[in-house]
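Structure, as structure tokens:
Chains as they are written, first to last, in the numbering used here: chain A, 1 to 114; chain B, 1001 to 1113.
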């Protein structure tokens, strides 16, 4: 596709369940990022993949959060044993790579934990 | 309705006027800055960027100014239009921190017709 695609667009889950959020980056982009946006707030960095390098996981809030990127393309963000405070919009971005390349964002997945 | 979160700073302007949105960034080691526009229900959309070796950059109807002395960034929008109504975020990238962006809180721009 022409842009970053995220699925699902909305996810409602019960507290304690695991969820998987998917990101399809722009074709050819080597860098992929996950951010979290709580209601009325700015974006909070979670994790960053660049090519075959080890990911920068410094923003993951707890060990319940993990992400992987298969084949240098699609990425999945997994949240285990979801809590109500995990409710937010999870945004994925991709770029050509290199620290100063523009990040292009998907529309996000709105996660609601009941 | 939705639960109440933090209230964003709001700028209200008349259609056709110029808008100036300000941002204070946090780290003197940041070497790259970006402005994004976010409309309701959508992801952030790139507007303009600037590197730390510049103090001004112009795009179509937009200008970004960077003052490294006081760690201040501003976005100027000329002839503001109703379609410019959105939340605007500045973001910084520290030179030794790879690709991750540090976002500001955001400013909500409301354009009155």
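All C-beta atoms in this analysis are idealised placements derived from N, C-alpha and C, irrespective of residue type, glycine included.
All values reported here derive from a predicted model rather than from experimental measurement.
Secondary-structure assignment with DSSP links residue 47(A) through a beta bridge to 34(A). Under DSSP, no beta-bridge partner is assigned to residue 2(A). The Cβ atoms of residue 89(A) and residue 24(A) do not sit closer than 7 Å to each other. For residue 113(A), the enclosing beta strand (DSSP E) starts and ends at 109 to 113. When DSSP states are grouped into helix, strand and coil, residue 80(A) belongs to the coil group. At a beta-carbon threshold of 7 Å, none of the residues of chain B lie near residue 26(A); the nearest stands roughly 12 Å away. By the criterion of a C-beta distance shorter than 7 Å, residue 84(A) is surrounded in its chain by 15, 113, once the five residues flanking it on both sides are discounted. Fewer than three pairs of CB atoms, one per stretch, sit closer than 8 Å, so the segment 1059 to 1076 of chain B makes no contact with the segment 3 to 18 of chain A. Restricting attention to 1111(B), 1059(B), 1097(B), 1104(B), the CA atom closest to the CA of residue 56(A) is found in 1097(B). The beta carbon of residue 1023(B) is closer than 6 Å to those of 1073, 1090, 1104 in its chain, skipping five residues each way along the sequence.
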